[in-house]
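Asks: First residue of the sequence shown: 153, per our numbering; consecutive thereafter.
For every residue, glycine included, the Cβ atom is placed at its ideal position computed from N, Cα and C.
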Amino acid sequence: MSIQHIASCRLPTVSAQFELHGFQDADTGAEHLALTLGAINDGAPVLCRVHSECMTGDALFSQRCDCGAQLAAAMERIAAEGRGVLLYLRQEGRGIGLLNKIRAYQLQDGGVDTVDANVRLGFPADARGYAMCAGMLGHLGVASLRLLTNNPRKVAALAEAGVPIVERIALVSGHNHHNQGYLAVKAARMGHLFDTSCVLADDEVLP
Numbered sequence: 153m154s155i156q157h158i159a160s161c162r163l164p165t166v167s168a169q170f171e172l173h174g175f176q177d178a179d180t181g182a183e184h185l186a187l188t189l190g191a192i193n194d195g196a197p198v199l200c201r202v203h204s205e206c207m208t209g210d211a212l213f214s215q216r217c218d219c220g221a222q223l224a225a226a227m228e229r230i231a232a233e234g235r236g237v238l239l240y241l242r243q244e245g246r247g248i249g250l251l252n253k254i255r256a257y258q259l260q261d262g263g264v265d266t267v268d269a270n271v272r273l274g275f276p277a278d279a280r281g282y283a284m285c286a287g288m289l290g291h292l293g294v295a296s297l298r299l300l301t302n303n304p305r306k307v308a309a310l311a312e313a314g315v316p317i318v319e320r321i322a323l324v325s326g327h328n329h330h331n332q333g334y335l336a337v338k339a340a341r342m343g344h345l346f347d348t349s350c351v352l353a354d355d356e357v358l359p
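Structure below.
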């Protein structure tokens, strides 16, 4: 995948003043973003959230998922540390797109869980990819990550894409009675962890 940096600018937010970086996949035209704070190109592991776009959660404050809350919490964590990066990947609905996500929600309203809804529509349970991340982080000078995620599969996928990860840090936020079933399926069927952090040994880095 050929990822190109397009432009950067200041982005003041309620959490901190970040730098906003725009990237484009030269092959598909897909656009992705990075928010950065502080010195992230000094070779030390960087606190990072790799967040896939969720229009309903991030912009419309839906409580069907925990996405918007996780985005806000990650920005606060990075701001509190004074150093970090958030990759915002334009792969809505675990990679199936916004309108298909609404179709999946319609199935979920009828009792189908989040995994089976995607499958019934002809998609994988999770169609996201992370090949663009290595190029984005490389441009930003990031050597390795302390990754904010509850998803061990994301850790593995990023490592396979060539992103070194030295630590997984749990990011638990946004739990409510509307998304209890959604979160239970994440844990039972997709392997998400909601209560622990997994720290690798000092001399161990995922390849």
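Bridge partners of residue 201, per DSSP?
Replies: 238
Asks: Output needed for residue 208: all residues of its chain with C-beta closer than 6 Å, excluding positions within five of it in sequence on either side, in chain order.
Replies: 214
Asks: Please report the distance separating the alpha-carbon of residue 193 from that of residue 262.
Replies: About 48 Å.
Asks: Verify the CB distance criterion: does residue 242 have a CB-CB separation below 7 Å to chain B?
Replies: The structure shown contains no chain B; it is built from a single protein chain.
Asks: When DSSP builds the beta bridges, which residues end up paired with residue 188?
Replies: 171 and 237
Asks: What does a CB cutoff of less than 7 Å around residue 233 pick up in its chain, not counting 5 residues either side in sequence?
Replies: 199
Asks: Please report the distance separating the alpha-carbon of residue 249 from that of residue 235.
Replies: If I take the Cα positions, the gap works out to 31 Å.
Asks: Do you know whose CA, among 297, 290, 314 and 176, lies nearest residue 241's CA?
Replies: Scanning 297, 290, 314 and 176 for the CA closest to the CA of residue 241 turns up 176.
Asks: Return the CA-CA distance between residue 169 and residue 189, expressed in angstroms with no decimal places.
Replies: Taking the straight line joining both Cα atoms gives about 8 Å.
Asks: Roughly how far, in whole angstroms, is the beta-carbon of residue 324 from the beta-carbon of residue 302, given that I think they are within contact range, below 8 Å?
Replies: 7 Å
Asks: Does the separation of the CB atoms of residue 287 and residue 158 fall below 7 Å?
Replies: no
Asks: What are the start and end residues of the alpha helix (DSSP H) that includes residue 163?
Replies: No alpha helix (DSSP H) holds residue 163; the beta strand (DSSP E) holding it covers 155-164.
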